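Below: one structure, written as structure tokens.
There are 2 protein chains.
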Amino acid sequence: MFNQKLVEGLGKSSMIRAMFEEGERLKKLYGADKVFDFSIGNPDVEPPMEVQESLRKYIEEPGLHRYMSNAGFTDVRQKVADYLTRKSGVALKADHVIMVCGAAAGLNIALKALLNPGEEVMVISPFFVEYLTYIDNAGGVPVIVKTQKETFQVDVDAVEDAITYKTKAIILNSPNNPTGVIYSRKTLENLKSMIERKEEELGTDIFILSDEPYVSIAYDGIEVPNMLSIFKNCIIVNSFSKSLALPGERIGYIAASSRIMDVELFAAAMVSLNRTLGFVNAPALFQKVIADNLDVAVDTESYKIKRDTLYNHLLKVGFSCVKPDGAFYLFLKTPIEDDALFCSTAVKHNLLLVPGTGFGCPGYVRIAYCYDLSMIERSLPAFTKLAQEYGLC
Amino acid sequence: MFNQKLVEGLGKSSMIRAMFEEGERLKKLYGADKVFDFSIGNPDVEPPMEVQESLRKYIEEPGLHRYMSNAGFTDVRQKVADYLTRKSGVALKADHVIMVCGAAAGLNIALKALLNPGEEVMVISPFFVEYLTYIDNAGGVPVIVKTQKETFQVDVDAVEDAITYKTKAIILNSPNNPTGVIYSRKTLENLKSMIERKEEELGTDIFILSDEPYVSIAYDGIEVPNMLSIFKNCIIVNSFSKSLALPGERIGYIAASSRIMDVELFAAAMVSLNRTLGFVNAPALFQKVIADNLDVAVDTESYKIKRDTLYNHLLKVGFSCVKPDGAFYLFLKTPIEDDALFCSTAVKHNLLLVPGTGFGCPGYVRIAYCYDLSMIERSLPAFTKLAQEYGLC
Numbered sequence: 244m245f246n247q248k249l250v251e252g253l254g255k256s257s258m259i260r261a262m263f264e265e266g267e268r269l270k271k272l273y274g275a276d277k278v279f280d281f282s283i284g285n286p287d288v289e290p291p292m293e294v295q296e297s298l299r300k301y302i303e304e305p306g307l308h309r310y311m312s313n314a315g316f317t318d319v320r321q322k323v324a325d326y327l328t329r330k331s332g333v334a335l336k337a338d339h340v341i342m343v344c345g346a347a348a349g350l351n352i353a354l355k356a357l358l359n360p361g362e363e364v365m366v367i368s369p370f371f372v373e374y375l376t377y378i379d380n381a382g383g384v385p386v387i388v389k390t391q392k393e394t395f396q397v398d399v400d401a402v403e404d405a406i407t408y409k410t411k412a413i414i415l416n417s418p419n420n421p422t423g424v425i426y427s428r429k430t431l432e433n434l435k436s437m438i439e440r441k442e443e444e445l446g447t448d449i450f451i452l453s454d455e456p457y458v459s460i461a462y463d464g465i466e467v468p469n470m471l472s473i474f475k476n477c478i479i480v481n482s483f484s485k486s487l488a489l490p491g492e493r494i495g496y497i498a499a500s501s502r503i504m505d506v507e508l509f510a511a512a513m514v515s516l517n518r519t520l521g522f523v524n525a526p527a528l529f530q531k532v533i534a535d536n537l538d539v540a541v542d543t544e545s546y547k548i549k550r551d552t553l554y555n556h557l558l559k560v561g562f563s564c565v566k567p568d569g570a571f572y573l574f575l576k577t578p579i580e581d582d583a584l585f586c587s588t589a590v591k592h593n594l595l596l597v598p599g600t601g602f603g604c605p606g607y608v609r610i611a612y613c614y615d616l617s618m619i620e621r622s623l624p625a626f627t628k629l630a631q632e633y634g635l636c
Numbered sequence: 244m245f246n247q248k249l250v251e252g253l254g255k256s257s258m259i260r261a262m263f264e265e266g267e268r269l270k271k272l273y274g275a276d277k278v279f280d281f282s283i284g285n286p287d288v289e290p291p292m293e294v295q296e297s298l299r300k301y302i303e304e305p306g307l308h309r310y311m312s313n314a315g316f317t318d319v320r321q322k323v324a325d326y327l328t329r330k331s332g333v334a335l336k337a338d339h340v341i342m343v344c345g346a347a348a349g350l351n352i353a354l355k356a357l358l359n360p361g362e363e364v365m366v367i368s369p370f371f372v373e374y375l376t377y378i379d380n381a382g383g384v385p386v387i388v389k390t391q392k393e394t395f396q397v398d399v400d401a402v403e404d405a406i407t408y409k410t411k412a413i414i415l416n417s418p419n420n421p422t423g424v425i426y427s428r429k430t431l432e433n434l435k436s437m438i439e440r441k442e443e444e445l446g447t448d449i450f451i452l453s454d455e456p457y458v459s460i461a462y463d464g465i466e467v468p469n470m471l472s473i474f475k476n477c478i479i480v481n482s483f484s485k486s487l488a489l490p491g492e493r494i495g496y497i498a499a500s501s502r503i504m505d506v507e508l509f510a511a512a513m514v515s516l517n518r519t520l521g522f523v524n525a526p527a528l529f530q531k532v533i534a535d536n537l538d539v540a541v542d543t544e545s546y547k548i549k550r551d552t553l554y555n556h557l558l559k560v561g562f563s564c565v566k567p568d569g570a571f572y573l574f575l576k577t578p579i580e581d582d583a584l585f586c587s588t589a590v591k592h593n594l595l596l597v598p599g600t601g602f603g604c605p606g607y608v609r610i611a612y613c614y615d616l617s618m619i620e621r622s623l624p625a626f627t628k629l630a631q632e633y634g635l636c
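Going down the list, the protein sequences come from chains L and S. To convert a position in the first sequence, counted from 1, into our numbering, add 243. To convert a position in the second sequence, counted from 1, into our numbering, add 243.
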């Protein structure tokens, strides 16, 4: 009776969201303090104080809640352009920036503006699994390329092997969800040189679609290389869900590099899509709020403490895991091959984890540690018991 | 280089938005008070006081800006369900309500959840032209049926003639954009009887998709018949863009009637689409705000004064126009056939109107009168001059 393909696919819906809903169920059953929910990247920190101050300021402003241009408020776009210019050294104008309803909206818009039917988009696994749906929404074909096994860094040779004359874009996500790994400057410079060589060879353009909601969350002073400064055909998609802890408000932007040929045409196509795909414009109030707070970020030091607490304990009880340099995820190797089964076992200890299969990478689980430190500390004995169950300690 | 179909279509982009952008240009050139911009339904009234009070209350609330279920906050959905139950007499539960980023998002989601490839969606002309894009986004085929010429009421016989075994939905929009006409109870009851007969005859289900952002804007005590109470397979899409003057904030809902067979499955499909199409969830803060203000609406009395001021003057100087009972649009018959040419002539008098062609109805122009009364009053001499130019007075 309804969209048949969709209805049939409902069972295979997001493993992340399924775990999130399971968590809500268990919390009602056992009490919120007895459930250790690491399922979703839903920061339980509050937005920085500056955000609340901006909110208080703007709710008094007349005319704020009206329609504006589909691209967003011009002053907001100018501020974002100035900020990115300062960060990257690439001169961007307001015209290169489109305010959008979060990064998910931004990716859908950018992909649809780029792709002709059947063109290929490369995703680097492990990856945020909704990328596949977004590519499908835009009529593209996903090509999955694995990262290097020990480091989760981009495997430049593997990417090169997968490039065809149909390759239109490569989605990069660093700091990475789910691994927390930051792609190194060396890796990205190699990728860039290889892409330029392939573009020359094939006579095509290959776009870097940089999904970077975690760009401000990095530890120990490690560099997060600026994508605009490295890649010529670079499109940034960002949101303030993580950097300002505002995931429920759906506020983000797309920035297309001024070095892209005919970038004005590309931007116009994206502005048009913002309307026709049903987004219309990014929420007005939060456009103004984020424009005041581009240099503000949540306290990464507190995330680092959470990472260290959890990471050190997991290693101590015998698990193995690449140490994440950014974002707020740990990608744990499962002691058995079947990561879904491992997650079911974890649920018995009230631990909610997400199978790596949901990120195109079986044999792992993702642990989102953007939660209250006391919950993380209370969960440690449950992780110990889980390790014991597999004879790790 | 980019999506070719899209880039080629850019010139044919929304006439409404084109006029809006032209208005911004002229205002910079001549000064805002010299330009009479009737192009876009962008209320220049402020949201009711209650909205600001709610905003002030909620920005203090901890945890408000986090992700919630993709369907929206449960308490908000429950309040909307209770409100609609009270209005319609049809018992709705929170599960039947999905909070969305405005009505444009809601229509895209509902259409995609309904349609299998090639199924038909009927639109009643004149109509909001983006419907065609939304139907295309969902893989459907639009079928346009004209209203009755003198009244802009639904022509039930014409709808019946256009129904095939592929007809999946009919989009209704009352009070109507662009005509301001409210579909009468008698018309809707006739439509319902005819649809039930056709469903029986064809063995199909035909859904009513009621796009009703103007439902609370009606004049002179005229009835806006409740669609849920009339149609069994009814899906309401609503937003607070007009009723609370919040178009920039993108907040609305979808409500699927509890009388739809397998409505839970349909709702689950829509919740999943909210995520996969990139909307994720409706903005958190404004979900809470609207839930407090479901019974609140902007001052329709002031809109009525605007309508009367403009309508009476237009008739006085010789134009003809169906008197609108709701929304905030006048749909004026143009004295020449070419409505685009008429609009160009109007621009010479600094009057920004939108050609009826942009609503599937050539020979008319839409005048959005949701603006400051003093601007409307200042514009009257320009309308007189326009009428004189065509020898109407």
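Note that beta-carbon positions come from the ideal geometry of N, C-alpha and C, so glycine has one too. Bear in mind the structure is a predicted one, so any value in this text is a computation, not a measurement.
* Sequence-distant residues of the same chain with beta carbon closer than 7 Å to residue 200 (chain L), five excluded per side -> What is shown of chain L runs 244 to 636, which leaves residue 200 (chain L) out entirely.
* Name, going along the chain, the residues of the region 508-524 of chain L whose beta-carbon falls closer than 8 Å to a beta-carbon of chain S. => So the close ones are 508, 509, 511, 512, 515, 516, 518, 519, 520, 521, 522, 523 and 524.
* Report yes if the CB atom of residue 497 (chain L) is closer than 8 Å to the CB atom of residue 352 (chain L), and no otherwise. => yes
* Whole-angstrom C-beta distance between residue 473 (chain L) and residue 449 (chain L), which should lie under 8 Å -> With 8 Å as the limit, residue 449 (chain L) and residue 473 (chain L) do not qualify as a contact, their Cβ atoms being about 13 Å apart.
* Asked: By the 10 Å Cβ neighbour count, where 16 or more other Cβ atoms means buried, how is residue 579 (chain L) classified, buried or exposed?
  -> exposed
* Confirm, please, whether the CB-CB distance from residue 585 (chain S) to residue 608 (chain S) is below 8 Å. => yes
* **Under 7 Å (Cβ pairs) to chain S, residues found in the region 321-346 of chain L** => 344 and 345
* Proximity test, Cβ basis, 8 Å: residue 479 (chain S) and chain L -> No, because no Cβ of chain L sits closer than 8 Å to the Cβ of residue 479 (chain S).
* Does DSSP classify residue 410 (chain L) as helix, strand or coil? -> strand
* Run through DSSP, which three-state label would residue 509 (chain L) get? -> helix
* To do: Give a yes or no on whether the C-beta atoms belonging to residue 539 (chain L) and residue 489 (chain L) are separated by under 8 Å.
  => no
* If you draw a straight line from the alpha carbon of residue 203 (chain S) to that of residue 379 (chain L), how long is it in whole angstroms? -> Nothing about residue 203 (chain S) can be read from this structure; chain S reaches only from 244 to 636.
* Taking Cβ-Cβ distances below 9 Å as the criterion, which residues of the region 290-305 of chain S are in contact with chain L? -> Taking 9 Å as the Cβ-Cβ cut-off against chain L, the residues of the region 290-305 of chain S that qualify are 290, 294, 295, 298, 299, 302, 303 and 305.
* **Contact list for residue 505 (chain S) against chain L, beta-carbon separation under 8 Å** => 244 and 245
* Between the C-alpha atoms of residue 358 (chain L) and residue 339 (chain L), what's the straight-line distance to the nearest angstrom? -> 19 Å
* Determine the burial state of residue 518 (chain L): buried for a count of at least 16 other Cβ atoms within 10 Å of its Cβ, exposed for fewer. => Buried, by the Cβ-count rule.
* Min CB distance residue 600 (chain L) to chain S below 8 Å -> No, its Cβ sits nowhere closer than 8 Å to a Cβ of chain S.
* Among L:419, L:452 and L:420, which one has its Cα closest to the Cα of residue 435 (chain L)? -> The shortest C-alpha separation from residue 435 (chain L) is found at L:452.
* Asked: Taking contact to mean at least 3 C-beta pairs separated by less than 8 Å, is the region 459-474 of chain S in contact with the region 269-286 of chain S?
  -> no
* Residue range of the unbroken alpha helix (DSSP H) whose run includes residue 323 (chain L) -> 317-331
* Return the residue from the list L:265, L:367, L:278 and L:477 that minimises the CA-CA distance to residue 617 (chain L). => Of the candidates L:265, L:367, L:278 and L:477, the one whose C-alpha sits nearest the C-alpha of residue 617 (chain L) is L:278.
* **Start-to-end residues for the alpha helix (DSSP H) that takes in residue 586 (chain S)** => 582-591
* Asked: Are the beta-carbon atoms belonging to residue 408 (chain L) and residue 417 (chain L) less than 8 Å from one another?
  -> no
* Asked: What are the start and end residues of the beta strand (DSSP E) that includes residue 417 (chain L)?
  -> Looking at the DSSP string, residue 417 (chain L) is not in any beta strand (DSSP E), and its letter there is neither H nor E.
* To do: Could you name the residues of chain S that residue 357 (chain L) contacts, counting a contact when the two beta carbons are closer than 8 Å?
  => 245 and 246
* Quick one: is residue 262 (chain S) near chain L, going by C-beta distance under 8 Å? -> no
* Between which two residues does the beta strand (DSSP E) harbouring residue 260 (chain S) extend? -> Residue 260 (chain S) -> not in any beta strand (DSSP E); alpha helix (DSSP H) instead, spanning 258-273.
* Please name the residues in the region 400-427 of chain L whose beta-carbon is closer than 7 Å to at least one beta-carbon of chain S, in chain order. => Identification of residues in the region 400-427 of chain L having a C-beta nearer than 7 Å to some C-beta of chain S yields an empty set.
* What's the gap between the Cα of residue 574 (chain L) and the Cα of residue 501 (chain L)? -> 36 Å
* Boundaries of the beta strand (DSSP E) in which residue 495 (chain S) is found, first to last residue -> Residue range 495-499 is occupied by the beta strand (DSSP E) that includes residue 495 (chain S).
* Asked: Going along chain L in order, which residues have a C-beta closer than 8 Å to the C-beta of residue 638 (chain S)?
  -> Given a span of 244 to 636 for chain S in the structure shown, any question on residue 638 (chain S) remains unanswerable.
* **Assigned secondary structure, residue 453 (chain S) (DSSP; H/G/I helix, E/B strand, else coil)** => strand
* Asked: What separation, rounded to the nearest whole angstrom, lies between the Cα atoms of residue 509 (chain S) and residue 244 (chain L)?
  -> 9 Å
* Comparing alpha-carbon positions, which option in L:520, L:513, L:521 and L:526 lies nearest residue 495 (chain L)? -> L:526
* Within chain L, partners of residue 432 (chain S) - CB distance below 8 Å -> Near residue 432 (chain S) there are no residues of chain L at all, since even the closest Cβ is about 25 Å away, more than 8 Å.
* **Per DSSP, cross-strand counterpart(s) of residue 388 (chain S)** => S:367
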